[in-house]
Amino acid sequence: MADFVTSTHRTKWIFTPQDIKHKYKVANHRAKQALEKYGTTRMEVDIDGSFSYAESQNDAKDSAEKRPKPLKVEEEQLLRAFYEFKIQDVCDAFKFPRKIQATALIYFKRFYLQWSVMEHHPKDIMLTCIYAACKAEENHVSAEELGKGIGQDHHVILNNEMLVFQSLGFDLIVYAPYRALEGFISDLEEFCGAKDEDQLVALKGSLDTARIEADKIMRSDGPLLFPPGQLALTALHRANAAHSIFDFERSQSLFSFGQNPQLSLTF
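Just add 894 to wherever you are in the sequence shown, counting from 1, and you've got the numbering used here.
The structure is reproduced here in structure tokens:
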């Protein structure tokens, strides 16, 4: 089984907040420079992953007032957030497992560390990331089926596939917090001595809420900042705030060291 500690996810794709802000600014600045030089920021992508500007508009230099207005970094963030919601919506519509949804989101986030939304339309990249995630997680869905299911041209998916892989550095194995969540709940069930029906139902409810909280976290910069175990603990902490079935502060020694902190469930 793959190990997060030795993975490219940990060694290459965990950043500081300053790193992330810098990458967004660099991509935004490059797109603005392209707009000044070519009169456009949008790129056309060939199926081999090569790309070029959609249309050279050198005469746009003579009519700057006709140029489209570039997006600010903050406006790009809003667009990315919108399409991250869409990734979850599409995955829900196809009834994909959460792992596929999480993988697609991580691919999408990594892609836009390299590129501006002004250079590659996030709708196209969103679909390609879902398609790539299905492949990586061995839940193959054809590009035709995916495109048809949401009324989009599947050729856009295929054309952008190699570009997405190249932008990810072909690092396709990623880690999400959901498996860690299930492990934490299993440990709590064992060490807290949850045996009767009410306790088991309470723990299941906490896990369901924690999964929803993890879905929210996956739309933040969290997956680019923290390992999946920490994301899972955050989701569990939020879930416990709603259910209050165990002492979360005392339970952290269980999660960190695998020891029994003599927990008890509260009802």
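Positions of the beta carbon are idealized from the N, C-alpha and C atoms, including for glycine.
So if DSSP puts residue i in a beta bridge, which residue, or which two residues, is it bridged to?
i: residue 945; result: 939
Express the C-alpha separation of residue j and residue i in angstroms, rounding to a whole number.
i: residue 895; j: residue 1067; result: Because the pLDDT at residue 895 is just 48, under 50, the model does not fix this residue reliably, and the value given afterwards should be weighed accordingly. Each residue's Cα considered, the two are about 11 Å apart.
i: residue 937; j: residue 925; result: 10 Å
i: residue 1128; j: residue 984; result: 25 Å
i: residue 1030; j: residue 932; result: 36 Å
i: residue 1053; j: residue 1042; result: 16 Å
i: residue 946; j: residue 1080; result: 51 Å
i: residue 995; j: residue 1046; result: 19 Å
i: residue 845; j: residue 962; result: A question about residue 845 goes unanswered here, because the residues of the chain that appear run from 895 up to 1161.
i: residue 1108; j: residue 970; result: 23 Å
i: residue 1082; j: residue 906; result: 32 Å
i: residue 1070; j: residue 993; result: 7 Å
Can you list, in chain order, the residues of its chain whose CB lies under 8 Å from that of residue i, leaving out five sequence neighbours each side?
i: residue 911; result: 1115 and 1119
i: residue 1163; result: Residue 1163 cannot be examined here, being either before or after the span of the chain that is shown, 895 to 1161.
Could you say which of the options lies nearest to residue i if we only look at CA atoms?
i: residue 1051; options: 1033, 1020, 1074 and 1031; result: 1020
i: residue 1084; options: 921, 1097 and 897; result: 1097
i: residue 1125; options: 1074, 1101 and 966; result: 1074
i: residue 1048; options: 901, 1026 and 963; result: 1026
i: residue 1105; options: 1065, 974 and 1130; result: 1130
i: residue 991; options: 903, 907, 1000 and 1072; result: 1072
i: residue 972; options: 1016, 1100 and 904; result: 1016
i: residue 989; options: 1040, 1076 and 1064; result: 1040
Leaving out five residues before and five after residue i in sequence, what residues of the same chain have Cβ atoms less than 7 Å from its Cβ?
i: residue 1003; result: 1117 and 1118
Identify, in the order they occur along the chain, each residue of the same chain with its Cβ nearer than 6 Å to the Cβ of residue i, setting aside the five sequence neighbours on each side.
i: residue 1013; result: 925, 935 and 937
i: residue 918; result: 967
i: residue 964; result: 926 and 929
Kindly indicate if chain C contains any beta-carbon less than 7 Å away from that of residue i.
i: residue 1083; result: You won't find chain C in this structure, because it holds only one protein chain.
Q. On the three-pair Cβ rule with 8 Å, is the region 1008-1020 touching the region 1029-1044?
A. no
(Q) With a threshold of 8 Å, are at least 3 pairs of Cβ atoms found where one atom belongs to the region 1105-1114 and the other to the region 967-985? (A) A contact is defined here as three or more CB-CB pairs under 8 Å, and the region 1105-1114 meets this definition with respect to the region 967-985.
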